[in-house]
Amino acid sequence: MDKTYTPQNEDKIYSLWETSGAFTPKIDKTKEPFSIILPPPNANEPLHAGHALYVVEDIMVRYHRMLGDPTLWLPGTDHAGIETQFVYEKHLKAEGKSRFDFDRDTLYKLIAEYVNKNRDIAVNQMKRLGFSLDWTRERFTLDEAHNQRVFAVFKKMCDDGLVYRDEKIVNYCTFCGTAFSNLEVVHKTVNSHLWYINYGPLEVATTRPETLLGDTAVAVNPSDPRYQKLIGTTITLPLIGRQIPIIGEESVSPEFGTGAVKVTPSHSPEDYDMAKKHGLEFVRIFDYDGKANSNVVDEKYIGLFPNQLRESVVKDLESAGILSKTVDYSHEVGHCYKCGRSIEPITAPQWFVKIRSLADKAIEVVKKDKVKIFPSRFKKDFLTWMKDIRDWPISRQIVWGHRIPVWYNLDENPDILVSYIDKNGQNISGYWKNLKDKYQEVALGLQTLLAPINAKYYFSKEEALKKSPLSKGDLEGLVLQETDTFDTWFSSGQWPYSTLGWEPDGNHSEDFKYFYPTSVLDTMWDILFFWVARMIMMGVYVTGEIPFKVAHMHSRVLDGKGQKMSKSKGNTINPLSIVEAHGADALRMALVIGVAPGSDIALSEDKIRAQRNFVNKIWNASRFVLMTLEKYPDAVFDLPKNLTNSSDQEIVDKLNKIITSTTSNIDKYKFGQAADDLYQFFWHDFCDVYLESTKNRDEKIIPVLKHVLITSLKLLHPFIPYVTETVYQELKSKLKSNEELLITSTWPR
RNA sequence: GACCGCUUAGCUCAGUUGGCUAGAGCAUUUCAUUGACAUUGAAAAGGUCAGUGGUUCAAGUCCACUAGCGGUCACCA
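The first sequence begins at -12 in this note's numbering and counts up one residue at a time.
Okay, structure coming up:
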């Protein structure tokens, strides 16, 4: 053995494990299985420091494997819908192109190529970190089998009346060109103004003067003496000249501004609700590209973006002499979490999931701890969020993802708006009824379609074609599939049962029957609502069972100073370069030791170096044992029933304590405590005290050395698998230990 | 606006259900060591556990309030 441990051989150990079949469990119905589905990292990106925290899962998995439980840790990667498309569009931009230059199919193929080219990056890095994943069961979120299950569940939800289309206010990013759910909107404080506009009989105060063009009412509080008598009358909308009613609405606060609110149903969620309640008109002034809509605004405003339109409208209000004052005002404005631009609330036809009944069942299973959320403080967050949850918009106007499996018969839906690239490469947009003679071109160059909410649709192309009373002869093709894709979380929310082989026809796989519900789901708390909540809702709805018994929220990795890592700050730590320099074990231990459950981890060079030293300590203690062994060639290895030496007795007692505490701490997800205790035990009690004490003794130490060292290696193995396995392979025959591999050895009791 | 978390040694953090002189790593000081390991060992110094009040035989730990920091959620013009 060399003087110091060199991590360069770690990949040999990894293939030793992999080829031994240790990662692949055998289904044994007499035993309780242990299973974890890996949260799939993005398929096309290198891992970041946060991903290295999958080590927490590896600890549980290796521990349960050693306990003898049939243990499955199922790996996979995520196509990561908008994330990936956003990255790919940046590449396009660098080439002077954009998504508008491609038809839908071509763009999809380009992104798919890009992803396929990079798909093994994350996989290889996970292997390098020593994760004992069962690669024979690897999945991808765009696997055909998964797609089919996602589609079948969507159909089921439609049949059960849980899916509907509606033209509601949604969070729309005009730059990314898609709607988002509330969770994907970040609220930022914006310093702006409150504009006071004179409407004649009353004055309104607004933060968005430009939306005046789309106003269809003015609302006042019905108990406000200033305006009471105006309710029911109409006034003339400035600049536009339209007559709009004054309505009474309880939610209007008389104290704010002037106590009168302009109502823009198509561009404000509150106003939308008011309009539904009072039966107001809807006037959408912006198109989905963010520009003022030519159908409704005055010629001079056509094509302006919101901020340009604001400038223009304010100027016109000023020159009309009806802008009474402008005061500074700061308020919260929603921004796109991807591109950072402000979100435009806008009415758009979208697909929604009725969430109430699903959420209620999720609340029930979490309240009753059928799904135990750990650390428990997240349980309250979960329940609070679930209580006020709103219907889930599941459609996204991007191409990279699961294309919604419905087909429109064009004859039945003349008002479908299609955008396509024609044979001259021009972007054309128009209603189907005006494009009937251009079917081939539309079908070939299709980019997006926008079906009105009352559009008829079918769940297969054949069905859609059949219902085509108007088409004769060449039926093929007068049908278009929805161009929207599912929210990524709609697909990944189904990950646990889908990866295990749940089948829509009830013919589930053996894996599903045996390993589902899974034992633990471990992920970072930042996707508790995005992902964990969706998995619980979907899992209970589809399979009638919880998808996992425990939802374990792991920590967030910060830099050495406790700052959030970000590329712009330049303080990111690349896990693989640490692995190169110090070995995977040092990184793994540094990420776990002394970290309280759910708290942040400050990952510093110092900490990693300290753990590398610990790994080396294990190496050298083993070297010492080896050298001692050579001194006593005739030694026996069996531990006597009674130890006569007090040092021997002491270390064995301490070992027994550490076996108990490590076992219980891992069971309680206290990995930080377990690692800390092991560190103290091994370095201080075993090396500094016991090994020193053996230096002038006889061969009676041998069985104690063997027992304590091998047991320690086992206890440490889930945390630092490489060095422990390497050492074990060096020592096992010399110490007459009959277990082949540490990874499949028996957990100490 | 609602909710949550944090505040312990110079730095980064542990401290399980309240219970013996409050711990670790790194940094600092002193000493030792060419025989497992300088990626070492022995020892020292360093904290009125954010503040105030309360419960208790006993509080870093439980309760209330205050201050500072961080986070999550949220359709208010």
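We put the beta carbon where it would ideally sit given N, CA and C, even for glycine.
message: Can you tell me whether R343 is helix, strand or coil according to DSSP?
response: Under the three-state reduction of DSSP, R343 is assigned to helix.
task: Rounded to whole angstroms, what's the CA-CA distance from L79 to T161? Just pull it up for me.
output: Distance from the CA atom of L79 to the CA atom of T161, rounded to whole angstroms, is 18 Å.
message: Please report the distance separating the alpha-carbon of V363 from that of C323.
response: Here residue 363 is Ser; the residue named in the question, Val, does not match the sequence. C-alpha separation (whole angstroms): 31 Å.
- request: Rounded to whole angstroms, what's the CA-CA distance from W372 to I24? Just pull it up for me.
  value: Their backbone Cα atoms lie some 24 Å apart in a straight line.
Beta-bridge pairing of W338 - partner residues as DSSP gives them: DSSP lists R152 as the beta-bridge partner residues of W338.
- request: Have a look at T223 and Y186 and give me their C-alpha separation to the nearest angstrom.
  value: Roughly 7 Å between the two C-alpha positions.
task: Determine the DSSP secondary structure at L462, reduced to helix, strand or coil.
output: Unreliable positioning characterises L462 in this predicted model, as indicated by a pLDDT of 48, which lies under 50. A coordinate reading is not provided.
- request: Please report how far the alpha carbon of T(-9) lies from the alpha carbon of S609, in whole angstroms.
  value: Rounded to the nearest angstrom, the two C-alpha atoms are 11 Å apart.
- prompt: Using a Cβ-Cβ cut-off of 6 Å (strictly less than) and excluding sequence neighbours within five positions of V110, which residues of its own chain qualify?
  reply: Only residues of its own chain outside the window of five on either side were considered, and among them none has a CB closer than 6 Å to the CB of V110.
- prompt: Could you give the distance in angstroms between the alpha-carbon of H389 and the alpha-carbon of T472?
  reply: Answer to the nearest angstrom: the Cα atoms are 5 Å apart.
query: Which stretch, first to last residue, makes up the alpha helix (DSSP H) that contains K453?
result: Secondary structure note for K453: its alpha helix (DSSP H) is the uninterrupted segment 448 to 453.
field: Classification of G246 by the beta-carbon crowding that lies within 10 angstroms, buried from 16 upward
entry: Looking at its Cβ environment, which holds 16 or more other Cβ atoms inside 10 Å, G246 is buried.
query: Mind checking M540: buried by the 16 CB within 10 Å criterion, or exposed?
result: Sixteen is the threshold: when 16 or more other Cβ atoms of the shown chains lie within 10 Å of the Cβ of M540, as they do, the residue is buried.
- request: Would you identify the three-state DSSP class for G432, choosing helix, strand or coil?
  value: In the structure shown, G432 adopts helical secondary structure according to DSSP, grouped into three states.
- prompt: Which parts of the segment 41 to 113 are runs of the alpha helix (DSSP H), unbroken and 4 residues or longer, counting only runs that do not cross its ends?
  reply: Counting only runs of 4 or more, we get 42 to 54, 68 to 81, 91 to 105.
- prompt: Which of helix, strand or coil does DSSP assign to Y186?
  reply: In the structure shown, Y186 falls within a coil segment according to DSSP collapsed to helix, strand and coil.
Alpha carbon of N178 to alpha carbon of G244, nearest angstrom: Rounded to the nearest angstrom, the two C-alpha atoms are 17 Å apart.
message: On the DSSP bridge list, what partners appear for G557?
response: Note: G557 sits in no beta bridge, so no partner.
- request: Quick one: measure Cβ to Cβ for R575 and G117, integer angstroms, because I've assumed they're closer than 8 Å.
  value: Rounded to the nearest angstrom, the Cβ distance from R575 to G117 is 7 Å, consistent with a contact under 8 Å.
query: Thinking just about the alpha-carbon of each residue, which of S306, N134, T470, I330 is nearest to the one in S256?
result: With the sequence shown as reference, residue 256 is identified as Pro, and Ser is not the correct amino acid for it. Out of S306, N134, T470, I330, the CA that lies nearest to the CA of P256 is found in I330.
task: Using beta-carbon positions only, say whether L61 and R152 come within less than 9 Å of one another.
output: The beta carbons of L61 and R152 sit no closer together than 9 Å.
query: What residue range is occupied by the uninterrupted alpha helix (DSSP H) comprising D(-2)?
result: Per DSSP, D(-2) belongs to the alpha helix (DSSP H) from -3 to 7.
- prompt: So what does DSSP say about V140, is it helix, strand or coil?
  reply: When secondary structure is reduced to three states using DSSP, V140 falls in the helix class.
task: Assuming L465 contacts D398 (C-beta within less than 8 Å), just tell me the rounded distance between them.
output: Contact holds; Cβ gap of about 6 Å.
- prompt: Apart from the five residues just before and just after A442, which ones in its own chain have a Cβ nearer than 7 Å to its Cβ?
  reply: The answer, listed in chain order, is Y395, N400, I403.
query: In angstroms, rounded to a whole number, what distance separates the CA positions of F167 and K18?
result: Their backbone Cα atoms lie some 44 Å apart in a straight line.
- request: For S586, I'd like the list of residues in its chain whose CB is within less than 8 Å of its CB, leaving aside the five on either flank, ordered along the chain.
  value: Around S586: S542.
task: From the DSSP output, read off the bridge partner residues of M540.
output: DSSP lists T510 as the beta-bridge partner residues of M540.
- request: For S382, I'd like the list of residues in its chain whose CB is within less than 6 Å of its CB, leaving aside the five on either flank, ordered along the chain.
  value: Closer than 6 Å at Cβ, skipping near neighbours: Q337, W338, D471.
field: Distance CB(L665)-CB(L40) smaller than 9 Å
entry: Taking 9 Å as the Cβ cut-off, L665 and L40 do not qualify as a contacting pair.
field: Residues near V695 by beta carbon distance below 8 Å, same chain, minus five either side
entry: The answer, listed in chain order, is I638, V639, L642, F673, Y677.
- prompt: For N31, which of F73, V172, K16 has the nearest alpha-carbon?
  reply: Taking only the C-alpha atoms, the option nearest N31 is F73.
field: Coil, strand or helix - Y159 by DSSP
entry: It is a strand residue.
- request: Pull up the distance between the alpha-carbon of Y503 and that of D375, whole angstroms please.
  value: Cα to Cα, the separation comes out at about 29 Å.
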